[in-house]
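Letter 276 of the sequence shown, counting from 1, is numbered 1603 in this note's numbering, and no numbers are missing. Before any comments, here is the structure.
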Amino acid sequence: MERSNVTFVVEFILLGFSDLPNLRSLLFGIFLVIYMSILLGNGLLIIITKMNPALQTPMYFFLGNFSFLEICYTSVTLPRILRDIWTQKGNIPFLSCALQICSLYILGIAECLLLAVMAYDRYVAICKPLYYPLIMNHKTCVQLVLASWITATPAQIGLTYQIFSLNFCGSNKLNHIFCDTPPLLEVACGDTSQKELLIFLNTVFFVMVPFFFTLISYVKIITTILKLPSTSGKSKAFSTCSSHLIVVCLFFGSGSIVYLRPKSSHSAKSDKVFSLFYTTVIPLLNPLIYSLRNKDVIAALRKLLPK
1328 MERSNVTFVV
1338 EFILLGFSDL
1348 PNLRSLLFGI
1358 FLVIYMSILL
1368 GNGLLIIITK
1378 MNPALQTPMY
1388 FFLGNFSFLE
1398 ICYTSVTLPR
1408 ILRDIWTQKG
1418 NIPFLSCALQ
1428 ICSLYILGIA
1438 ECLLLAVMAY
1448 DRYVAICKPL
1458 YYPLIMNHKT
1468 CVQLVLASWI
1478 TATPAQIGLT
1488 YQIFSLNFCG
1498 SNKLNHIFCD
1508 TPPLLEVACG
1518 DTSQKELLIF
1528 LNTVFFVMVP
1538 FFFTLISYVK
1548 IITTILKLPS
1558 TSGKSKAFST
1568 CSSHLIVVCL
1578 FFGSGSIVYL
1588 RPKSSHSAKS
1598 DKVFSLFYTT
1608 VIPLLNPLIY
1618 SLRNKDVIAA
1628 LRKLLPK
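Quick look at the structure:
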């Protein structure tokens, strides 16, 4: 009898920027420019890492794959954000919301693992240079990239199923810019503590473990660099690692703030800001960070683009 009075959710409404109706055109223009810049910048990195003979090394092989991941990652959210801003309708079907979250988790974890692989590549190059060609051969690089993509996929599909097995029998309005777990838990009925624990454990295992692995790699890298006799050798070694280290800090930092904070400290505005940061700002900055701080990439761009 109780169940007959319950209205189950068949779609969600993303509130997004509905509180800023006067800025609709401006926001649409900003996000469109950002999305086009992400596609162009990361696309150029993919092209030059494939076409330029000087960049046929494991480091640039991983960078090309990372840029492709960034394009996929932003394409899960930004086109729908643009559509919602333009139509002023945030309706998203139940299944589409589940697919969006699942895709974000799979691609996000793949980025975490690939960043850890890139750190390992730099560790071998700097700490074990004589063994580098033997350890980081092409077959190993391909296997590491495939492992980054595949490893977490079953777990993320299972986690998404667990989240959407909750009963959403109250409000279907999500105060967010895309489907994400924190706003979903707010509108879920009943006790969500078990699901929150699953999300926390998933974040620790697939985000924090790769982060600590990356951190350990860089501690060993920095220790090795400081032992180098020449100043020029130190600066060259630091320059090859600094770009990756900046991206690591930005990506892991913003992602951890969203998913590892206590539920009591969550707010809609802060969640929107941090979510925008790791889904749009970092993919936008990625090509700039790697190109502006890398002489080989700049030289390849000069060859590819007209003067």
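Even for Gly, the Cβ is constructed at its ideal location relative to N, Cα and C. Fair warning: this is a prediction, and the values are worked out from it, not measured in the lab.
- Of the residues 1555, 1558, 1613, 1557, the one whose Cα lies closest to the Cα of residue 1576 is 1613.
- When secondary structure is reduced to three states using DSSP, residue 1389 falls in the helix class.
- The closest CA to that of residue 1480, considering only 1430, 1451, 1491, is found on 1430.
- Three or more beta-carbon pairs drawn from the region 1360-1369 and the region 1598-1613 are found closer than 8 Å, and the two stretches are therefore classed as touching.
- Less than 7 Å divides the Cβ of residue 1468 from the Cβ of residue 1388.
- Scanning 1384, 1442, 1356 for the CA closest to the CA of residue 1405 turns up 1356.
- Residue 1385 is positioned such that its CB atom lies no closer than 7 Å to that of residue 1445.
- Using a Cβ-Cβ distance cut-off of 8 Å, the region 1472-1488 and the region 1400-1417 are not in contact, since fewer than three pairs of beta carbons, one from each stretch, lie closer than that value.
- Judged by DSSP secondary structure, residue 1418 falls within the beta strand (DSSP E) whose first and last residues are 1418-1420.
- Secondary structure of residue 1339 (DSSP, three-state): strand.
- For the set 1579, 1518, 1605, 1555, the Cα lying nearest the Cα of residue 1539 is the one of 1579.
- Here the alpha carbon of residue 1558 sits roughly 54 Å from the alpha carbon of residue 1341.
- Membership of residue 1623 in the alpha helix (DSSP H) is indicated by the continuous run 1622-1631.
- DSSP, reduced to helix, strand and coil, places residue 1522 within a helical segment of the structure shown.
- Here residue 1527 is exposed. Its C-beta has fewer than 16 other C-beta atoms within 10 Å.
- Spanning the alpha carbons of residue 1457 and residue 1629 requires a straight line of approximately 31 Å.
- Secondary structure at residue 1547: helix, using DSSP grouped into helix, strand and coil.
- A Cβ-Cβ distance of about 5 Å is found for the pair residue 1338 and residue 1420, placing them in contact under the 8 Å criterion.
- Excluding five sequence positions before and after residue 1426, none of the CB atoms of its chain fall closer than 7 Å to its own CB.
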